Structures are given as structure tokens and as C-alpha cells.
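To keep things clear, I will list the structure first and then write my remarks on it.
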Amino acid sequence: MLKVDGLKVNYGGIEAVKGISFEVPEKSIVTLIGANGAGKSTTLRSIVSLVKPAAGTIEFNGENITGKDTNDIVAKGITLVPEGRKIFPDLTVLENLKIGAYMRKDSLTEDLNWVYDLFPRLKERHWQAGGTLSGGEQQMLAVARALMSRPKLIMMDEPSLGLAPLIVKGIFDIIKEINKQGVTILLIEQNANMALRTADIGYVMETGNITMTGSGAQLLADEKVRAAYLGK
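Counting from 1, one number per residue, gives the positions in the sequence shown under this note's numbering.
Here it is in C-alpha cells:
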């Protein structure tokens, strides 16, 4: 579904991403793991054209989308759940969800029911301001808002960041359920253990390069990965 080939991204004179290539098959869960500053978030931001690549190509369903307008990329079926959630704290849960569907002209009823089924807590709090929700509820809202555009591919940047372990498990259960319902997922996650247990395919990024690839199970069992990212 997604094919990234030779991607380079620069910030000023710094080469943040150094010519990486990877693929995300349709209906899979793929994870990028690595330390802070490895270039993971920059990679996601370049896919949706929030930063412009210096070189390389990004293809989605066989179409070159490199550097296209972000609105066009969202319309083609890619959404990003950004690190830090970035919900609108003064708007209600329902208003946040409607913003996720800002490009749509059709009825939202079916999709609102879908995300409320996935996240019953949001239905209970649909009238509350986003800023009054707990951290876990805000993360649920960020994911639900992204789903309101009916994406084919949803990219998530550190969905478990700052959340309690029990909440993290709930978020990953939702990730698996979304995928089971046909949405492809590209996941950045510092909780390498949970990410690799969830993913079909994993890539390890270090200082702007992809240094390892394999199935989630293969990387989970690899001694170098365990020593670097799993504390074992």
C-alpha cells in the first residue's frame, strides 16, 4: 500500500533521514522503533507532506504522492495521529471528531457510531471539552478523530507516550481492533515491546537510517534489539 524509496529529509544543514526505504503492505501493522532523534517522526511527517523530502519517492497505492499538498494526501486515505495528541482542548469531544471529517460532505452518523463503539468512553463524554479528558481519553480522541476521515492508512506517532501501563494495553487493543476492521497501520512507538508484539513487520531506525527489519516476532527475539530497546 505504501512504498517509501530512498527518502531523505533535511532540517537546515542536518540530514535527519538519510535515504531510507520501506514498505507497508495493505491491512498490516508496521512499526518503526528507535531512540529519540532517530528520524521516525520526521519520516511520518514527510509522508503527509508536513515536511518536504530532499530526495526519494513516496508511493501510495501505486501513485507518487511525494510532496503533494497535505489535504490531497488526506483525501487519498492517509491520516496522522501526531505525537502529543494535538486535540483542540476548548472544543467538545464531538466537535473534535467533526474536525477529523472536515473534508467530507456526506453524513457522519455511521462513522460517529463506529468510533463510539470503539471508544465507549468518548460517547459518554461527547459533550465535554477535550482538555478536561484524562491523558488516555485524549489519546482515544486523537485516534478517533483521525478515523473520522475514513483512512485506508492511519499513522500513529507515540500513541502510548505518558500513559499508565493499563491504559497502554487498552490503546494497543484498540490498534489491533482497528486493523482487524481493515485499516492499515504504521506505528511509531518507544514501547518497543508492545509495538513488536503487535506488529506484523518491524523496522529499527538509528540516526536517520533503517538498520534492521523483520517480523515483529523476529525483532522481539533478536539479541541486539533486546539489549538496545527491551532492557534485556
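Each residue gets a CB set at the ideal place from its N, CA and C atoms; glycine is no exception.
Bear in mind the structure is a predicted one, so any value in this text is a computation, not a measurement.
Check, Outcome
"Is the CB-CB distance between M205 and K68 below 8 angstroms?", "no"
"CA-CA distance, D117 and Q138?", "16 angstroms"
"According to DSSP, is S49 helix, strand or coil?", "coil"
"If you reduce the DSSP assignment to three classes, tell me which class V168 lands in.", "helix"
"I need the DSSP call for M140, collapsed to helix, strand or coil.", "helix"
"Between the segment 92-100 and the segment 169-179, do three or more beta carbon pairs fall short of 8 angstroms?", "no"
"Just to confirm the assignment: which complete alpha helix (DSSP H) runs, minimum length 4, are found wholly within the segment 67-120?", "70-76, 93-100, 109-118"
"Per DSSP, what are the beta-bridge partners of K3 in this structure?", "E23, E59"
"How many whole angstroms separate the CB atoms of L153 and L44, which I take to be in contact at a CB cut-off of 8 angstroms?", "Incorrect: roughly 11 angstroms between the Cβ atoms, too far for contact."
"Can you tell me which of the three DSSP states L163 falls into?", "coil"
"Entirely within the segment 197-225 and at least 3 residues each: give me those beta strand (DSSP E) ranges in chain order.", "201-206, 209-215"
"In or out: L32 buried (at least 16 other Cβ within 10 Å) or exposed?", "buried"
"To which residues of the same chain is K8 closer than 7 angstroms at the C-beta, ignoring the five residues directly before and after it?", "E15, V17, K18, G19, P53, A54, A55, G56"
"Would you report the Cα separation of V234 and L80, rounded to the nearest angstrom?", "Within the shown structure, residues of the chain are numbered from 1 to 232, placing residue 234 beyond reach of any answer."
"Relative to the C-alpha of I87, which residue among T70, R145, N36 is closest?", "R145"
"DSSP on K176, reduced to helix/strand/coil?", "helix"
"Which partner residues of E15 appear in the DSSP bridge assignment?", "N10"
"Could you check if E63 is buried or exposed, using at least 16 other CB atoms within 10 Å of its CB as the buried criterion?", "exposed"
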